[in-house]
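Novice:
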Amino acid sequence: MNSAPTGAAGTPPTPLRVAILGTRGIPARYGGFETFAERLAAGLVARGHRVTVYAEADGAPGADTTHLGVRVRSRRRPRWGPASVLAYDCACLWDARRGYDLVYMLGYGAAWACWWPRVAGVPVWINVDGLEWARSKWGKLARTYLRTMEWVAARTATRLIADADAIAARFRSVYPRGAPCSFIAYGADPVQPGEADPALLSAWGLQPWRYLLVVARLEPENHVLEIIEGHRLYGGALPLVIVGDVSDATDYQRRLLALAGDRVRFLGAIYDAAPLRSLRLYAAAYLHGHSVGGTNPSLLEAMACGNWVIAHDNPFNREVARDAADYFRTPAQLADGLRCCAAQTSAQAAAERGRRAREIVADHYTWPRIVDAYEALMHEQCTPRRSP
Numbered sequence: 004m005n006s007a008p009t010g011a012a013g014t015p016p017t018p019l020r021v022a023i024l025g026t027r028g029i030p031a032r033y034g035g036f037e038t039f040a041e042r043l044a045a046g047l048v049a050r051g052h053r054v055t056v057y058a059e060a061d062g063a064p065g066a067d068t069t070h071l072g073v074r075v076r077s078r079r080r081p082r083w084g085p086a087s088v089l090a091y092d093c094a095c096l097w098d099a100r101r102g103y104d105l106v107y108m109l110g111y112g113a114a115w116a117c118w119w120p121r122v123a124g125v126p127v128w129i130n131v132d133g134l135e136w137a138r139s140k141w142g143k144l145a146r147t148y149l150r151t152m153e154w155v156a157a158r159t160a161t162r163l164i165a166d167a168d169a170i171a172a173r174f175r176s177v178y179p180r181g182a183p184c185s186f187i188a189y190g191a192d193p194v195q196p197g198e199a200d201p202a203l204l205s206a207w208g209l210q211p212w213r214y215l216l217v218v219a220r221l222e223p224e225n226h227v228l229e230i231i232e233g234h235r236l237y238g239g240a241l242p243l244v245i246v247g248d249v250s251d252a253t254d255y256q257r258r259l260l261a262l263a264g265d266r267v268r269f270l271g272a273i274y275d276a277a278p279l280r281s282l283r284l285y286a287a288a289y290l291h292g293h294s295v296g297g298t299n300p301s302l303l304e305a306m307a308c309g310n311w312v313i314a315h316d317n318p319f320n321r322e323v324a325r326d327a328a329d330y331f332r333t334p335a336q337l338a339d340g341l342r343c344c345a346a347q348t349s350a351q352a353a354a355e356r357g358r359r360a361r362e363i364v365a366d367h368y369t370w371p372r373i374v375d376a377y378e379a380l381m382h383e384q385c386t387p388r389r390s391p
């Protein structure tokens, strides 16, 4: 791992002022972007940089707060339905248009407004976050808008960031004259046996190694329906446990609930790290159906726990899991994978698979490595400014 660059006569480079936008805020309580913002921001602050993470406020924004040394600055998110996120992102971009050495926008839904910091001379990076326009939850109009914003992002950003090499390669191919696209992955913390409390499973009546696990947003591109069908074809005794919000059921989620039967259990959304870590660490296998993202946090965290992983067969998942997973495209293939997993009577085989998964995380996806990569690119691309 490379050390941080130094300036003239071996002196450390000048600290940078960085704004991170596009999340609900920190402390992380919601999803991958929030966790990423918290870990990257705290890592940069520990190295002497001044970092601000923008956060949602339901009403009038309150005073700035501090979390892990990171300034948390709130902006109002109006209640305008699907347009709320766009309005919130624009409010953050307007506020961040001056006073920073770098504005880092997570997601490209408000790519057109990224010109505001650019006009003031502030570099803007955009994390492109997979193929957002391909998500089935969007209607035709929203998909058209997001596909357009992808094109706009390639022209408004000074640099694009992709968390999977396959995504970066796509942007370089589709937008050869657009902003340069760098690949920097997401991170995870390796979890060893014994580092999570199996007693937490009793809240759901579960026993270690006696269930199969899915952690996902319940949307078609995450192939939860195919996973349930594959579990039914498998016919084994282990229940399928699904962590994902079903409180505001969509048509797709109602189909899942109707198909599930008594061998599939929906636990709802779980944001508390400790029980989620226990659910992952003690699962007999982790089933991963995501197909349109880049480096998916749920897959990395399962690998960090040494899970036996069976993942949807696509370039993004193969890039991350490599030879530490089995892959499926159809319910029948998933059923075959589950039978293969159940046939592993040797504890040594499962331990070797878990060791390989943790090794991949340790070699490529640890948070210190990710912060190293970001800091090196920031020092290479960003010049400290002294605007008020």
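Taken in order, the sequence shown gives residues 4 to 391; the numbers are from our numbering. Where is the CB? At the ideal position from N, CA and C, for every residue including glycine.
1. Does residue 138 pass the burial test, meaning 16 or more other C-beta atoms within 10 Å, or should it be called exposed?
2. What did DSSP end up calling residue 63 once you bin it into helix, strand or coil?
3. Across which residues does DSSP place residue 313 in a beta bridge pair?
4. If you follow the beta strand (DSSP E) that residue 130 is in, where does it begin and where does it stop?
5. Who are the Cβ neighbours of residue 172 in its own chain at under 7 Å, not counting the five residues just before and after it?
6. Could you check the C-alpha separation between residue 2 and residue 102 for me, to the nearest Å?
7. Quick one: is residue 180 buried, meaning 16 or more other Cβ sit within 10 Å of its Cβ, or exposed?
8. When the distance is taken between beta carbons, is residue 54 closer than 8 Å to residue 392?
9. For residue 227, does the count of other Cβ atoms within 10 angstroms reach 16, so buried, or fall short, so exposed?
10. Are residue 250 and residue 271 closer than 8 Å when you measure CB to CB?
11. From the DSSP output, in three-state form, read off residue 377 for me.
12. Go ahead and pull the three-state DSSP assignment for residue 385.
13. Do residue 247 and residue 206 have their C-beta atoms closer together than 8 Å?
14. Please give the ranges of any beta strand (DSSP E) in the segment 132–185, keeping only runs that are unbroken, at least 3 residues long and fully inside the region.
15. Report the partner residues of residue 70 according to the DSSP bridge assignment.
16. Output the residue ranges of the alpha helix (DSSP H) runs that lie fully inside the segment 93–125 and measure 4 residues or longer, sorted by chain position.
17. Which whole-angstrom value describes the C-beta separation of residue 45 and residue 75, a residue pair presumed to lie in contact below a C-beta threshold of 8 Å?
18. Could you give the first and the last residue of the continuous alpha helix (DSSP H) run that contains residue 29?
19. Mind checking residue 214: buried by the 16 CB within 10 Å criterion, or exposed?
20. Less than 8 Å between the CB atoms is what I'm expecting for residue 58 and residue 79, so what's the real figure, rounded?
21. Suppose you measure from the CA of residue 221 to the CA of residue 253; what does that come to, to the nearest Å?
22. Measure the CB-CB distance between residue 292 and residue 225 and report whether it falls below 8 Å.
23. Which of helix, strand or coil does DSSP assign to residue 369?
24. Could you have a look at residue 19 and say whether DSSP puts it in helix, strand or coil?
25. Would you say residue 24 and residue 108 are within 8 Å of each other, going by their C-beta atoms?
26. Taking the CB atoms as reference points, tell me whether residue 203 and residue 307 lie closer together than 8 Å.
27. Count the other CB atoms within 10 Å of the CB of residue 387; is the residue buried (16 or more) or exposed (fewer)?
28. What is the residue span of the beta strand (DSSP E) that residue 268 lies within?
29. Residue 185 and residue 170 - do their beta-carbons sit closer together than 8 Å?
30. On the three-state DSSP scale, how would you describe residue 187?
31. Exposed or buried, which one is residue 392 when buried takes at least 16 other CB atoms within 10 Å?
32. On a CA-only basis, which of 47, 210, 121, 314 is nearest residue 294? Give me that one, please.
33. Can you name the residues that DSSP bridges to residue 58?
34. Please report the distance separating the alpha-carbon of residue 114 from that of residue 299.
Specialist: Once the coordinates are examined:
1. To locate residue 138, count along the sequence shown from 1; it is residue 135. That one is buried.
2. For the purposes of this step, residue 63 is taken as residue 60 along the sequence shown, with counting starting at 1. Per DSSP, reduced to three states, the secondary structure at residue 63 is coil, with no helix or strand assignment.
3. Within the sequence shown, numbered from 1, the residue matching residue 313 stands at position 310. According to DSSP, residue 313 bridges with 290, 329.
4. The residue labelled residue 130 in the question sits at position 127 within the sequence shown. Residue 130 -> beta strand (DSSP E) spans 127–130.
5. If you number the sequence shown from 1, residue 172 lands on position 169. Within the same chain, residue 172 has no close Cβ partners at all.
6. Lying outside 4 to 391, the shown extent of the chain, residue 2 is not represented and no answer is given.
7. Taking the first residue of the sequence shown as position 1, residue 180 is located at position 177. By the 10 Å Cβ count, residue 180 comes out exposed.
8. Because the chain in this structure spans residues 4 to 391, residue 392 falls outside the shown range and cannot be described.
9. Residue mapping note: residue 227 aligns to position 224 of the sequence shown, counting from 1. Classification for residue 227: buried.
10. Here the question's residue 250 lines up with position 247 in the sequence shown. Here the question's residue 271 lines up with position 268 in the sequence shown. Going by C-beta atoms, residue 250 is nearer than 8 Å to residue 271.
11. Residue mapping note: residue 377 aligns to position 374 of the sequence shown, counting from 1. Looking at residue 377 - three-state DSSP - the assignment turns out to be helix.
12. In the sequence shown, counting from the first residue as 1, residue 385 sits at position 382. In this structure, residue 385 counts as coil in the three-state DSSP scheme.
13. The residue labelled residue 247 in the question sits at position 244 within the sequence shown. The residue labelled residue 206 in the question sits at position 203 within the sequence shown. Their beta carbons are not under 8 Å apart, which means residue 247 does not touch residue 206 by this criterion.
14. 162–165
15. As a first step, residue 70 is located in the sequence shown; it is residue number 67 there, counting from the start. Paired residues: 73.
16. 118–122
17. For the purposes of this step, residue 45 is identified with residue 42 of the sequence shown, where counting begins at 1. For the purposes of this step, residue 75 is identified with residue 72 of the sequence shown, where counting begins at 1. About 12 Å separates the two Cβ atoms, so there is no contact after all.
18. Stepping through the sequence shown from its first residue, residue 29 is reached at position 26. According to the DSSP assignment, residue 29 belongs to no alpha helix (DSSP H), since it is labelled neither H nor E.
19. On the sequence shown, residue 214 is found 211 positions in, with the first residue counted as 1. With 16 or more other Cβ atoms within 10 Å, it is buried.
20. By 1-based counting over the sequence shown, the position of residue 58 is 55. By 1-based counting over the sequence shown, the position of residue 79 is 76. Actually they do not touch by this definition, with Cβ atoms about 11 Å apart.
21. As a working note, residue 221 is residue 218 in the sequence shown. As a working note, residue 253 is residue 250 in the sequence shown. Residue 221 and residue 253: Cα-Cα distance of roughly 9 Å.
22. Indexing the sequence shown from 1 puts residue 292 at position 289. Indexing the sequence shown from 1 puts residue 225 at position 222. Yes, the Cβ-Cβ distance between residue 292 and residue 225 is below 8 Å.
23. Along the sequence shown, one-based indexing puts residue 369 at 366. Correct three-state label for residue 369: strand.
24. Residue 19 sits at position 16 when you count from the first residue of the sequence shown. Note: residue 19 maps to coil in three-state DSSP.
25. On the sequence shown, position 21 is the one that residue 24 refers to. On the sequence shown, position 105 is the one that residue 108 refers to. Yes; because the gap between Cβ atoms is below 8 Å, this pair is in contact.
26. As a position in the sequence shown, residue 203 is number 200, starting the count at 1. As a position in the sequence shown, residue 307 is number 304, starting the count at 1. Against a cut-off of 8 Å, the Cβ pair of residue 307 and residue 203 comes out as no contact.
27. Residue numbering aside, residue 387 sits at position 384 when the sequence shown is read from its first letter. Answer is exposed; the Cβ neighbour count stays below 16.
28. The residue you call residue 268 lines up with position 265 of the sequence shown. That run of the beta strand (DSSP E) goes 267–271.
29. Position 167 of the sequence shown holds residue 170. Position 182 of the sequence shown holds residue 185. No, the Cβ-Cβ distance between residue 170 and residue 185 is not below 8 Å.
30. For this step, residue 187 is matched to residue 184 along the sequence shown. DSSP places residue 187 in coil when its eight states are reduced to three.
31. The question about residue 392 has no answer, for the chain in this structure spans 4 to 391.
32. Stepping through the sequence shown from its first residue, residue 294 is reached at position 291. Measuring from the Cα of residue 294, the nearest candidate turns out to be 314.
33. Numbered from its first residue, the sequence shown carries residue 58 at position 55. Answer is 77.
34. Translated into the one-based positions of the sequence shown, residue 114 becomes position 111. Translated into the one-based positions of the sequence shown, residue 299 becomes position 296. So the two alpha carbons sit approximately 22 Å from each other.
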